[in-house]
Amino acid sequence: MKKKNAIGYWAVLLLLCCPLYSGAQELFEVPRDASTRWVSFENLSGAKGAAALKNQGAKGDASRWIKAGDSVVILDYTGCGVIRRIWMTFIDRSPEALRSIRLDIYWDGAGKPAVSVPVGDFFGIGLGRTAAFQSALFSNPEGKSFNCYIPMPFKTRARMVFVNQSQKDELLFYDVDMTVSEKPAEDLTYFHAYWSDNEGIGLGEDFEILPRVRGRGRFLGCNISVRTDSVYRDTWFGEGEVKIYLDGDGSHPTLAGTGTEDYLGSAWSLGPFSQLYQGAPVVDKQKGQYAFYRYHVPDPVYFQRDCRVTIQQMGGGGRNVIRSIVRAGGKVRPVSVMTAAGLVRLLDTTGYPGLFEEAFPADDWVNFYRIDHYAATAYFYLDTPDAALPPLAPLSRRLKYIR
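Every position in the sequence shown, counted from 1, becomes a number in our numbering once 14 is added.
Pasting the structure below:
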């Protein structure tokens, strides 16, 4: 490889590995209209020369207790800028705490938060679980802290609230790192995050990771958690395809995957791993708990009018074990059979033997609708600070399936 081409190769590789790289700025370039602010309890205003004022500058306000049921504004900055990093940690990181504490973020004086998500789910892992992992957008170096690197621009104001809905007081440490400037970026879109679960969704219905949002934007990706119903035993839950409906799609999407682990870039079941844009930090087959993510950074999903994202509740297994699931009261609806002659599409086929008929093949793979518990956090950018989505589910519902 010639030297010139080698330099070009490494430059391209660097750009691809930089999460959400937003321009051709070199590391040594310093924009003349930009400055840096860190907001924490040591400098809540983010004002210049206003940090480390207490205790003669010797660690005077590094953390504060947030009582159970209380909330605290951890960022309220007036001006134009981009949040570059959020870090925090707190004492109680139990499943109950990670689902009870929520993070609310408001942009440009909007009355409704663009982000209102349980804190554990926001930082990349559901189920109220923690795990050491690193992706392009989130990390947890040792399973006891939370980092977010998603750029979050704003024009006139950014406000962030830590809401402690748990039963315990929390000792909170945090900082929010920003770049501030005199004018906003062109074609600015606002960061949003939305949490939901599949409570009340019936057999054969797709779970909405992201209900339809209207406007111009980008679906950045999601983390999904699944708690399998024990009635399905150790059968595979992850045959469900992710579907993305774009710009006026009706009954059928423009984008469709081929299976759950396929969407994560893996194959043939799922083991634990974490990479830049895809991973499964939690794979606990004994408890039937899975938490995984996919971020569309090198493969952007843009929309000009609207976007909706779903995943099928579908698994797979052999005929006899599926029969035993039905006898035990499990909800099952076969949808296809993988035979040596090819795929039999049961929903498009008439006259095919029923599951309990002897003619139904015994040794082939059967894909079937099932109902496990799904929860997801969707991340996206939109050209408005209000995505007109439903409010965060009540605490009782968020805590229902975390054990």
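Ideal placement from N, C-alpha and C gives every residue a C-beta, glycine not left out.
Gly95: member of the beta strand (DSSP E) spanning Cys94 to Phe104, first to last residue.
Burial state of Leu396 is buried, judged by a 10 Å Cβ sphere holding 16 or more other Cβ atoms. For Val346, no pairing in a beta bridge is given by DSSP. The three-state reading of DSSP puts Ala111 in helix, counting H, G and I together. In terms of Cα proximity to Asp386, the closest of Ala355, Leu217 and Leu260 is Leu217. Ile325 has Phe221 and Val256 as its beta-bridge partners, per DSSP. Only residues of its own chain outside the window of five on either side were considered, and among them Phe160, Leu186, Phe187 and Tyr188 have a CB closer than 7 Å to the CB of Met102, listed in chain order. Taking Met174 as the centre and dropping the five residues before and after it, the same chain places the C-beta of Ile88, Leu89 and Ile119 closer than 6 Å to its C-beta, in chain order. The three-state reading of DSSP puts Glu184 in strand, counting E and B together. Assigned with DSSP and collapsed to three states, Val380 falls in strand.
By the Cβ-count criterion, Asn381 is buried, with 16 or more other Cβ atoms from all chains shown falling within 10 Å of its own Cβ. Only residues of its own chain outside the window of five on either side were considered, and among them Asp191, Met192, Thr193 and Val194 have a CB closer than 8 Å to the CB of Thr50, listed in chain order.
Fewer than three pairs of CB atoms, one per stretch, sit closer than 8 Å, so the stretch 217 to 234 makes no contact with the stretch 73 to 81.
Ser149 counts as buried, since at least 16 other C-beta atoms from the protein chains shown sit within 10 angstroms of its C-beta.
Taking C-beta separations shorter than 7 Å and ignoring five residues to either side along the sequence, the partners of Val297 in its chain run Leu284, Gly285, Pro286 and Tyr304, following chain order. With fewer than 16 other beta carbons inside 10 angstroms of its own, Gln318 counts as exposed.
The stretch 272 to 284 makes no contact with the stretch 364 to 373; the number of CB pairs closer than 8 Å stays below 3.
Setting aside the 5 residues that flank it on each side, Ala199 is surrounded in the same chain by Pro167, each with a C-beta closer than 7 Å to its C-beta; the list follows chain order.
Taken in chain order, the complete alpha helix (DSSP H) segments of 4 residues or longer contained in the stretch 126 to 169 are 133 to 136. DSSP places Gln70 within a helical segment (H, G or I) once states are collapsed to three.
Here the alpha carbons of Ala61 and Leu67 stand approximately 12 Å from one another.
In the structure shown, the three-state DSSP call for Leu360 is helix. Pro127 sits buried, since 16 or more C-beta atoms from the chains shown fall within 10 Å of its C-beta. Between Arg241 and the set Pro45, Gly63 and Ile416, the nearest pair of CA atoms involves Ile416.
Judged by their CB atoms, Ser244 and Gly332 are not nearer to each other than the 8 Å cut-off. Taken in chain order, the whole alpha helix (DSSP H) runs of length 4 or more contained in the stretch 383 to 416 are 409 to 412. The DSSP-derived three-state label of Asp276 is helix. Taking Lys345 as the centre and dropping the five residues before and after it, the same chain places the C-beta of Leu217, Arg384 and Ile385 closer than 7 Å to its C-beta, in chain order. When C-alpha distances from Asp122 are compared across Leu413, Pro399 and Lys414, the shortest belongs to Pro399.
Linking Ile164 to Arg337 through their CA atoms gives a straight-line distance of about 46 Å. In the structure shown, Arg247 falls within a coil segment according to DSSP collapsed to helix, strand and coil. Beta-bridge partners assigned by DSSP to Leu117: Val131 and Phe176.
Comparing alpha carbon positions, the residue from Ala354, Ala342, Leu361 and Gly356 closest to Pro348 is Leu361. In the displayed model, Ser338 falls within a helix according to three-state DSSP.
Per DSSP, the unbroken beta strand (DSSP E) holding Leu234 starts and ends at Gly231 to Arg241. Exclusion of the five residues before and after Leu269 leaves Ile258 as the residues of its chain whose Cβ lies within less than 6 Å of its Cβ.
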